[in-house]
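Colleague: The structure that follows is given in the form of C-alpha cells.
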Amino acid sequence: MPLLLALGDLAIIQALVLASIALRILFAPLLPIEVHPSAFVGVQVGAIALPMAYVAAGLYPGYGVTGVQRLQARTSLTILCFSAMILFDYLAQGGQWSRGILVIAAVLVTVVMPIWDALFIQLLLRRKLWGSPVVVFGPEAQRRILVSALVRQPELGWIPVAEADGPDGRFAVGGVANTAIITIGSQAIPYQDLETLPFRTVVIVPNLEDAQTLWVSVRDLGGLIGLEMRRNLLNRSSQAIKRALDLAAVALLALPVGAVVVAFVVAVQVISPGPAFYFQERGGRGGRTFRMAKLRTMVPDAEARLQALLATDPAARAEWSTSMKLRQDPRVIPWVGHFMRRFSVDELPQLWNVLRGDMSLVGPRPLPDYHLEVLAPMVAKLRSQVRPGVTGLWQVSGRSELSVTDQQRFDVYYVRNWSLWLDIHILGRTVLAVLRGTGAR
C-alpha cells in the first residue's frame, strides 16, 4: 500500500510538472523567457523530493491521520520544498532554473495534491484496498462508541475486525496479523500487560469525552505522559489571518455572487410576490445578536403553515423535534425555493454579514431562537466563542439529515479543534456538498 500511494503521487506530480512547463511556454509571448536546460532538472528534483517528504511525514500509508492533518502536511511540505528549491537556485546557481515554472508547479501541486489524495483514498476504499485491521479492547460501552467512530470515518484506515470481551463472550486473535490495538481508558488493560500483547502498534484512547483531538502533542514529563493541546482560538495572529481571508474571499466573490443574487431576486418576486430578502435575528459571537441576510425561500405566511402542520401531523411533529427540519416543508416557495435550498443559493447574501464582521466564511451555523433553546448550555457557551459561519462542519457532514445531537457534536468538535487548516478543509468539502445538493431542506 505505501508503494502504491507513493507511485500514484509521483505520477500526478509528474503530470503537474509537465503542465507547469506547458503553461510557462504558453505565456512566453506575454512574459518572454529563455529557458535554461537545467530548468527541467529543477522541477524534476521537486517531483522526486516531494514523495520523499511525504514519506518522512508518515503519509504512506497514513492510517489514523485525519483529512485535516493530511491537508496540512501536504500543503506545508509542498510550499517548503518548492521555496527551498527557488532559494537554492537563486543563491547557488544564479537563477538558472525558471522560477516561473517552479512557481506554477508549486501552485498546481499545492491545489491538486490534497484533492487527489482524498479522491484516491475514496477509490481505494471502494475497492477495499484501504485500511489496516485493528482490534478494540475495553469496556463494552466505550468499545461501541469507538467502533462506531471508526466505522463513520473509514478514511482513517483503521478497520475494527474484533473486540476483546465482545457481546458473544468470545474473542480470538488468531488470523489477525500485524494488527494495531486500540485500548480505551486506563482500566481496559493493565499497562504492564500491553507489552505482552502480540501487536506492533498500540493506541491508547483516554477517557476524555469530547476533548480536543487535533493539534495535540505527546510530551515526556520526566517519565510521565503529557498531552499538550494547542488552543488556536486564543492565538490572535491566527484570528487576524482568518479575518483577512474572509475579507479577501468577499472581495473575490462579490461580482459573481452579486450577479447570481440579482437573478434569483427576480425569480423569487415573479413566483412569490413580496420582499426578496429575508432578515432574522441570530445569535453571534459573544452572545450578541445580528440580522442575518438570506434570499427568501418561504411563502409570506410560513409560520402559520408550520404551526398548522405540526398541530395536525404527528409524523411531521416528530421529524421537527429531531432535526428542526422537514422533508416536505409546506413553507418553501415552489420550484425556486427548493432549488435555492438544495444548492445553498439562499445563503449567498450572508457575504454581507461576513463583510460587516457578524459572520465568518466558516463556523457554527447561526441558529434561530427556537433552535438555540434546545442546545445544551455547554454547547451554547462554546458556540459563542467564535463567529458563526456561512458554512460549517455539520453542513458538510450531513446537512439537514443530522439530528440536533449530531449537530451539537460537530459544533463542539469545530470549536475545540479550530485551526485555519480545518477551515480550508471544510471549505473544500463545502464545494462538493453544494454541487451534490444532498441533505439540504
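According to UniProt numbering, the stretch in the sequence shown is residues 1 to 441, in order.
Glycine included, C-beta positions come from ideal geometry on N, C-alpha and C.
Values in this document were obtained by computation on a predicted structure and should not be read as measured data.
If you draw a straight line from the alpha carbon of residue 343 to that of residue 24, how long is it in whole angstroms?
Modeller: One C-alpha to the other measures close to 36 angstroms.
Colleague: Note down the Cα distance separating residue 108 from residue 294, rounded to an integer number of angstroms.
Modeller: Cα-Cα distance, rounded: 35 angstroms.
Colleague: Determine the DSSP secondary structure at residue 259, reduced to helix, strand or coil.
Modeller: In this structure, residue 259 counts as helix in the three-state DSSP scheme.
Colleague: With DSSP as the reference, label residue 278 as helix, strand or coil.
Modeller: Residue 278 falls in the strand class under three-state DSSP.
Colleague: Assign residue 84 to buried or exposed, taking buried as 16 or more other Cβ atoms, counted over all protein chains shown, within 10 Å of its Cβ.
Modeller: By the 10 Å Cβ count, residue 84 comes out exposed.
Colleague: Would you mind working out which of 380, 384, 265 and 65 sits nearest residue 213, comparing C-alpha positions?
Modeller: If we check each option's Cα against that of residue 213, 65 comes out closest.
Colleague: Can you grab the Cα-Cα spacing for the pair residue 312 / residue 298, in whole Å?
Modeller: Between residue 312 and residue 298, the C-alpha separation is close to 20 angstroms.
Colleague: Name the residue from 218, 254, 265 and 430 whose alpha carbon lies nearest to the alpha carbon of residue 354.
Modeller: The candidate whose alpha carbon is nearest that of residue 354 is 254.
Colleague: Quick check on residue 16: buried or exposed, where buried means 16 or more other Cβ atoms within 10 Å of its Cβ?
Modeller: Flag for residue 16 reads buried.
Colleague: Using the C-alpha atoms, what's the distance from residue 247 back to residue 139?
Modeller: So the two alpha carbons sit approximately 49 angstroms from each other.
Colleague: Where does residue 66 sit, in a helix, a strand or coil, going by DSSP?
Modeller: Reduced to three states, the DSSP call for residue 66 is coil.
Colleague: Is it true that the CB of residue 323 sits closer than 9 angstroms to the CB of residue 419?
Modeller: No, the Cβ-Cβ distance between residue 419 and residue 323 is not below 9 angstroms.
Colleague: Which word fits residue 360, buried or exposed, when buried means at least 16 other C-beta atoms lie within 10 angstroms of its C-beta?
Modeller: Its Cβ being crowded by 16 or more others within 10 Å, residue 360 is buried.
Colleague: Taking only three categories from DSSP, how would you classify residue 199?
Modeller: Looking at residue 199 - three-state DSSP - the assignment turns out to be coil, as it is neither helix nor strand.
Colleague: Between the C-alpha atoms of residue 277 and residue 14, what's the straight-line distance to the nearest angstrom?
Modeller: If I take the Cα positions, the gap works out to 49 angstroms.
Colleague: Which residue marks the beginning of the beta strand (DSSP E) containing residue 217, and which one marks its end?
Modeller: Unbroken beta strand (DSSP E) run through residue 217: 216–221.
Colleague: Beta-carbon within less than 6 angstroms of residue 43's beta-carbon, same chain only, minus the 5 sequence neighbours each way: which residues are those?
Modeller: 17, 101 and 105, listed in sequence order.
Colleague: Which whole runs of the alpha helix (DSSP H) in the stretch 369–428 are 4 residues long or more, in chain order?
Modeller: The qualifying runs are 369–372, 377–383 and 404–416.
Colleague: For residue 524, count neighbouring Cβ atoms within 10 angstroms of its own Cβ and tell me buried if that reaches 16, exposed if not.
Modeller: The question about residue 524 has no answer here: the residues shown for the chain are numbered 1 through 441.
Colleague: Three Cβ pairs or more, each shorter than 8 angstroms: is that satisfied between the stretch 255–262 and the stretch 306–320?
Modeller: In short, these stretches do not touch, since the Cβ pair count stays below three.
Colleague: Here's the rule I'm using: 16 or more other beta-carbon atoms within 10 Å means buried, otherwise exposed. How should residue 405 be labelled?
Modeller: By the 10 Å Cβ count, residue 405 comes out exposed.
Colleague: Assign residue 227 to one of three DSSP states: helix, strand, or coil.
Modeller: Residue 227: strand per DSSP, three-state reduction.
Colleague: Could you tell me which residues DSSP pairs with residue 132 in its beta bridges?
Modeller: Note: residue 132 sits in a beta bridge opposite 158.
Colleague: Looking at C-alpha atoms only, which residue of 133, 69, 231 and 149 is the closest neighbour of residue 200?
Modeller: Ranking the options by Cα distance to residue 200, first place goes to 133.
Colleague: So within the stretch 303–359, which uninterrupted alpha helix (DSSP H) runs reach at least 4 residues, ignoring any that extend past its ends?
Modeller: Whole alpha helix (DSSP H) segments, 4+ residues: 314–323, 336–342 and 350–356.
Colleague: Assuming contact is defined by CB atoms lying nearer than 9 angstroms, are residue 388 and residue 363 in contact in what I supplied?
Modeller: In this structure, residue 363 lies closer than 9 angstroms to residue 388 by Cβ.
Colleague: Does the separation of the CB atoms of residue 51 and residue 75 fall below 9 angstroms?
Modeller: Taking 9 angstroms as the Cβ cut-off, residue 51 and residue 75 do not qualify as a contacting pair.
Colleague: Excluding the 5 residues preceding and the 5 following residue 177 in the sequence, name in chain order all residues of the same chain whose CB lies nearer than 8 angstroms to its CB.
Modeller: Low confidence applies here, because residue 177 scores a pLDDT of 44, under 50, leaving its location unreliable and the question unanswered by this model.
Colleague: Going by C-alpha to C-alpha distance, which of 369, 244, 111 and 267 sits closest to residue 337?
Modeller: With distances taken between Cα atoms, residue 337 lies closest to 267.
Colleague: Going by CA-CA distance only, name the one from 339, 227, 272 and 290 that's closest to residue 435.
Modeller: With distances taken between Cα atoms, residue 435 lies closest to 339.
Colleague: If we ignore side chains and look at the alpha-carbon of each, how far apart do residue 421 and residue 304 end up?
Modeller: For residue 421 and residue 304, the distance between alpha carbons rounds to 43 angstroms.
Colleague: Can residue 290 and residue 296 be called in contact, C-beta distance under 9 angstroms?
Modeller: No, these two residues do not count as a Cβ contact at 9 angstroms.
Colleague: Ends of the alpha helix (DSSP H) at residue 102?
Modeller: Residue 102 -> alpha helix (DSSP H) spans 99–126.
Colleague: When burial is assigned at 16 or more other CB atoms within 10 Å of the CB, is residue 433 buried or exposed?
Modeller: Classification for residue 433: buried.
Colleague: Please confirm whether residue 160 and residue 125 have their CB atoms less than 9 angstroms apart.
Modeller: Cβ atoms of residue 160 and residue 125: not closer than 9 angstroms.
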